[in-house]
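A.B. asks: What follows is a structure written as structure tokens; I'll ask about it next.
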Amino acid sequence: MNLILLELNEINFDIVQKYIDTGYDLPGFDSLIGGHLINTVAEDQYKEIEPWIQWPSVHTGLDFDGHKVFRLGDFINSNKKQFFEKVEEAGYTVGAISPMNASNKLKNPTFFIPDPWTQTASDGSLLSSMLSSALSQAVNDNSQSRITFTSLLKLSISFIALVKPLRYTSLVWYAITSLKKPWRKALFLDIFLFEVFKTLLSRKKPNFSTIFLNAGAHIQHHYFYNSPHVENNKLKNPSWYLAKSEDPFLEMIIVYDKIIEKLLNYSDTEIIIATGLSQKPYNHLNFYYRLVNHSSFLDDLGVSYLSVNPRMTRDFLINFKTPEDALYAEKKLSKVFVNNNVKLFNEIENRGDSLFVVLTYSDEITQKTTIYLEDWSSLLKQYVTFVAIKNGEHQSKGFAYFSEGLIKFAPPNNSQVAKIHNTVLNFFEVPN
């Protein structure tokens, strides 16, 4: 009695269908679209249509109003039960790789490698611990293309121990070509994680297992405009950003198609493949930047803090000794202006002894762009690194496929995405 959930984050199956219609051979996606595929819906408010909100909904069976987890990495502060623990408590074994915004509350996971942004424990094994810390460093410093020697060593050991030699050539090719085609770095990571997942499935044989893949979401956010099937869009990526001849979306769905085919061929195993939400093309030019060194920047502003934890892209969490320190820092950060008229941080959430901050400035930053804080000023470019031009934005519509043995447990079409949770519990005959 085995079930695999592939969390294929934010993929737009409607665009995939257009590639199939124009002659691309994508047998994996073809099987999904021709099988029991439903649409799901996320939240109504745009600010709540985020993967770090929707995946906790899937994990807990609760919508946002039910679980109240609004930020990436914050599920560690929640007391809500996830299906991981519920299935384990019913006597089944559980394994997970990179489930977004999930907390490891399992008593005896067969394997658990957390997502790179959530401060929760791995399963405790040497390989999982090494892989978890290396992924966290590499992913959070991705915009600077920086990976430490220690992380590289840990990844190399994990690679040798958990990836079959037959896959080495393909993965090395993605790694090398990513130097000129950066979207392949994300594809490398997803292929690598799936190879690790396959190995751990074979060795540990959990009854319920999940894997979260994020390259597709990354590629849509950064390169959606380059797809020939993004219709009626006057905005195009400039040539310095990406050549017109490149189509990272197509490369991504070819990679995912092979992964889907392999999953569908597992014997005595039921499959759920869900996107949580999806993306549509963005409607105006928006530049994303990330702080290069969060600590150095805060030091230059004169902010006292205990620690700072980078999150996805523009977000970071600052921890303080006292609420008074946090309030002082909030006032300072809210007064940092770019070229004296636009706030650098327009989203600052005070949590008492911590601040969740988003770098919201979205215009192009040049060599002359200046930031001001009262009587202090400095050139902004030294503090930030360019991440991307925003190409895709979130939409509530998602997609979920259920293999034949799950159809009787599947939610109706256009159900809230949290209902996938019930399918997992019903399959294992776990009371809701």
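In our numbering, the protein residues as written are 71 to 502. For each residue, glycine too, the CB sits at the ideal point set by N, CA and C.
May I ask which residues mark the beginning and end of the beta strand (DSSP E) holding Q339?
C.D. replies: The sequence shown places Thr at residue 339, rather than the Gln named in the question. T339 -> beta strand (DSSP E) spans 339 to 344.
A.B. asks: What three-state label does DSSP hand K478 in the structure shown?
C.D. replies: helix
A.B. asks: Our contact map puts A344 next to L75 with C-beta atoms below 8 Å; I'd like the distance itself, whole angstroms only.
C.D. replies: Contact flag correct, Cβ pair sits at about 7 Å.
A.B. asks: Can you check whether the CB of F267 is closer than 8 Å to the CB of L241?
C.D. replies: no
A.B. asks: Output needed for E158: all residues of its chain with C-beta closer than 7 Å, excluding positions within five of it in sequence on either side, in chain order.
C.D. replies: Counting only Cβ-Cβ distances below 7 Å, and skipping sequence neighbours, we find V164, L176, K177.
A.B. asks: Note down, in chain order, each residue of its chain lying with its Cβ closer than 7 Å to the Cβ of K150, except the 5 sequence neighbours on either side.
C.D. replies: T130, L132, H137
A.B. asks: Pull up the distance between the alpha-carbon of I119 and that of L283, whole angstroms please.
C.D. replies: 18 Å
A.B. asks: Which of the three DSSP states, helix, strand or coil, is assigned to Q349?
C.D. replies: If DSSP states are grouped into helix, strand and coil, Q349 belongs with the strands.
A.B. asks: Taking the CB atoms as reference points, tell me whether N109 and N492 lie closer together than 8 Å.
C.D. replies: no
A.B. asks: Can you tell me which of I477, V362, G475, E400 puts its alpha carbon nearest to the alpha carbon of F456?
C.D. replies: Of the listed residues, the one whose Cα sits closest to F456 is V362.
A.B. asks: Across which residues does DSSP place K413 in a beta bridge pair?
C.D. replies: F407
A.B. asks: In angstroms, rounded to a whole number, what distance separates the CA positions of D369 and L376?
C.D. replies: 12 Å
A.B. asks: Three or more C-beta pairs closer than 8 Å, one from the segment 301 to 310 and one from the segment 91 to 108: is that the case here?
C.D. replies: no
A.B. asks: Would you be able to state if there are at least three C-beta pairs under 8 Å between the segment 270 to 290 and the segment 174 to 193?
C.D. replies: Touching, per the Cβ criterion.
A.B. asks: Sort Q290, W310, A160 by Cα distance to L495 and report the nearest one.
C.D. replies: A160
A.B. asks: Answer yes if the segment 409 to 424 comes into contact with the segment 381 to 398, meaning at least three C-beta pairs across the two stretches below 8 Å, and no otherwise.
C.D. replies: These segments touch.
A.B. asks: Put P380 into one of helix, strand or coil per three-state DSSP.
C.D. replies: strand
A.B. asks: Give a yes or no on whether the C-beta atoms belonging to H106 and F426 are separated by under 8 Å.
C.D. replies: Their beta carbons are not under 8 Å apart, which means H106 does not touch F426 by this criterion.
A.B. asks: Buried or exposed for D144, please, with buried defined as at least 16 other CB atoms from any protein chain shown within 10 angstroms of its CB.
C.D. replies: buried
A.B. asks: Would you kindly work out how many angstroms separate the C-alpha atoms of D84 and H299, rounded to a whole number?
C.D. replies: 10 Å
A.B. asks: Starting from R421, trace the alpha helix (DSSP H) both ways and give me its first and last residue.
C.D. replies: Element bounds for R421: n/a, residue is neither H nor E.
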